[in-house]
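Residue numbers (our numbering): 181 to 863.
Glycine is no exception: its CB is placed at the ideal position from the N, C-alpha and C atoms.
These numbers were taken from a predicted model, which means no experiment stands behind them.
For reference, the structure discussed in these notes is given below.
See below:
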């Protein structure tokens, strides 16, 4: 062999030996526990130069040629607050991509990672403190974004936490400001706490499992990040949602996130969502998200208001939008709503607004078909003072507002009372309501037009309600709470069967007490039919229809009544008390009569025609003439009975045991005067 040949062979052998030693050294470093520990120390030392804070990298297993597995990782910011931590993480990659200065990761598996993003009061972000941006000089060309892509990842039991500065409403001052802060710090539905430099609000997403087929964290030709995910399961704390089996795409650009989620599941709801979420600019998080609910369970959205029902399903379009001029307010606009719950069926549109101390409801266009009182009791959060039962059908159009000043533009409702089969009420109304507590609904210049109101409904609810039969119709303007309602501009008609109708107008107040109703009424009868009233109160002797003012004050056992009524049968006045509380009734007062025709007043054609004038006094109780007890007195002035002219006369009687005892009676005519006393049977 020539010298040249021996040199070539020797050189090749030397190079092979060097390469073999290099490979053995690399294998010793990357495939042994000690070697990987040394590499780990080198990597950590290099990374610590880039990380401003604390970095911990756990044990590394597997070689470095195709991937690594790290048993734990933790990064803390300069204040020693958590930024990122994970359990076991395994990553696959191709060394050729690394040599091309590309980070392309495959089959990433991460166990219970935690990512905590925090913005401080001064606007700085914790991740910028951990990884500060490199300042470029004016002579340096901006560098392109690195290539960092994950083509498949599986994440289990992840937690993402976001904390942003929180400020109370700027218009609050002094005591109102202190009160608002105390309220917010003690709320259970929001996580707001005091920090060393102000206040902060925190959002949490926990128990997340997700498959990520593709994720772009950075790309030299594209701005922002993109995540494509499937089989997402996560619990959101604010607002409280539990997502499951969801898939879609999330894109991030600066302080904005775009969502496109064609399939979205909650525990008992399914639908799709798209939209945008924005933060930054020293403002709260802003939403513009549209959700189509193919099937929505009320239990999944009952967090919107404490007394919303938790049973029932429906379909709807939901738009979640932050108000541009009031970024602390978020609208939840429901359109094409079709909901079944608590024996009720509700269709239409409405918008809930959260962020204030009380719920705001606007743009209401609802059709009840029907709404059962079970739903109203649920919304009230407790039973009503009276046991309403039945179904309400009809429509409500309301511009709405704060529940304490809720504006109803138009409503037409029909109530079918199941307490009293066959009884129903039809009415329409518009005006302002306070429905913050539905059991104590209050009216504010609320105009009501009643087509018909069956009085049996009110009598069933309150046993002390007057036993007045029939129905009422008409209109009035209502104020105050419905249990102590004031009304004015009333014009009401009472009808009982085919009897003559009564019509009254005026104003007043009716208060529902524990036992009795209390009245303060200033009415005008035109007319009041005693023929019809006799159907409800057989003890009333009058039959005529009379018109005039009626003043009623007090509770039903002792109503102070002042009235002067006129009709074809003359004029009657009364000033005293009336006991209208069944089963017995009473009258204790004085009055006058003028040109009274008993034939007309008593509806008895067998009586002579009269024209009586005088005064009377009553102190009697009983439910009919036959069982009256008490006394009565009458003083007759110049009058006429038939063709007989009467001069001043006097009578005093008392009633008892079915008898009328005449204590004193003086009857004087133009020709004679007679005195009498005795007892006769009352009929």
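query	result
Can you find the residues in the same chain that come closer than 7 Å, C-beta to C-beta, to residue 671, ignoring five residues on each side of it along the sequence?	654, 655 and 685
Where do the N-terminal and C-terminal ends of the beta strand (DSSP E) with residue 423 fall, by residue?	420-433
When the Cα of residue 392 is compared with those of 383, 408 and 426, which residue comes out closest?	408
Taking only runs of the beta strand (DSSP E) that begin and end inside the segment 291-358, which ones reach a length of at least 3 residues, in chain order?	294-298, 327-330 and 333-346
Leaving out five residues on either side along the sequence, give the residues of the same chain with a beta carbon under 7 Å from the beta carbon of residue 753.	743, 744, 771 and 772
Run through the segment 525-593 for me and flag every whole alpha helix (DSSP H) of 4 or more residues, listed as ranges in chain order.	553-560
Quick test of your reading: residue 511 and residue 496, contact by CB under 8 Å. State the CB separation rounded to the nearest angstrom.	Incorrect: roughly 14 Å between the Cβ atoms, too far for contact.
Within the continuous alpha helix (DSSP H) that includes residue 481, where are the two ends?	478-481
Residue 849 to residue 824, Cα distance in whole Å?	7 Å
What span of residues does the beta strand (DSSP E) with residue 604 cover, start to end?	604-614
Give the range of the alpha helix (DSSP H) segment to which residue 485 is assigned.	Careful: residue 485 lies outside any alpha helix (DSSP H) and carries neither H nor E.
Please state whether DSSP places residue 601 in a helix, a strand or coil.	coil
So residue 437 and residue 457 are supposed to be a Cβ contact under 8 Å. How far apart are they, rounded?	5 Å
Select from 397, 481 and 464 the residue whose C-alpha is nearest the C-alpha of residue 416.	481
Nearest to residue 499 by alpha carbon, out of 522, 396, 453 and 479?	453
Beta strand (DSSP E) containing residue 658: first to last residue?	651-661
Can you give me the Cβ contacts of residue 664 inside the same chain, cut-off strictly under 6 Å, excluding the 5 residues immediately before and after it?	691
Within 8 Å, do at least three Cβ pairs link the segment 726-745 to the segment 605-625?	no
Give me the DSSP bridge partner(s) of residue 729.	704
Please report the distance separating the alpha-carbon of residue 308 from that of residue 439.	25 Å
Using only alpha-carbon positions, find the residue among 693, 675, 280 and 337 that is nearest to residue 328.	280
Rounded to whole angstroms, what is the Cα-Cα separation between residue 474 and residue 501?	20 Å
Using DSSP with H/G/I as helix, E/B as strand and the rest coil, what is residue 208?	Bear in mind that the predicted position of residue 208 carries a pLDDT of just 43, short of 50, making it unreliable; the figure below should be weighed with that in mind. DSSP places residue 208 in helix when its eight states are reduced to three.
Go to residue 637, then tell me how far its alpha helix (DSSP H) extends in each direction, as first and last residue.	635-641
What does the alpha-carbon distance come out to for the pair residue 443 and residue 426?	5 Å
Please classify residue 449: is it buried, with 16 or more other beta-carbons within 10 angstroms of its beta-carbon, or exposed?	buried
Taking 8 Å as the threshold, find out whether the segment 635-645 comes into contact with the segment 615-627 through three or more Cβ pairs.	no
Skipping 5 residues on each side, what residues in its chain have a beta carbon closer than 7 Å to that of residue 239?	251
Considering just the uninterrupted stretch of the alpha helix (DSSP H) at residue 714, what are its terminal residues?	710-716
Put residue 787 into one of helix, strand or coil per three-state DSSP.	coil
Going by Cα to Cα distance, which pick from 673, 702, 738 and 731 is closest to residue 709?	673
Could you tell me whether the Cβ atoms of residue 626 and residue 593 are closer together than 9 Å?	no
What ranges does the beta strand (DSSP E) occupy inside the segment 235-289, keeping only unbroken runs of at least 3 residues that lie completely in it?	247-250, 253-256, 262-266 and 269-273
Just to confirm before moving on: does the CB-CB distance between residue 693 and residue 667 stay below 9 Å?	no
Output needed for residue 639: all residues of its chain with C-beta closer than 7 Å, excluding positions within five of it in sequence on either side, in chain order.	645 and 647
Select from 820, 584, 720 and 569 the residue whose C-alpha is nearest the C-alpha of residue 603.	569
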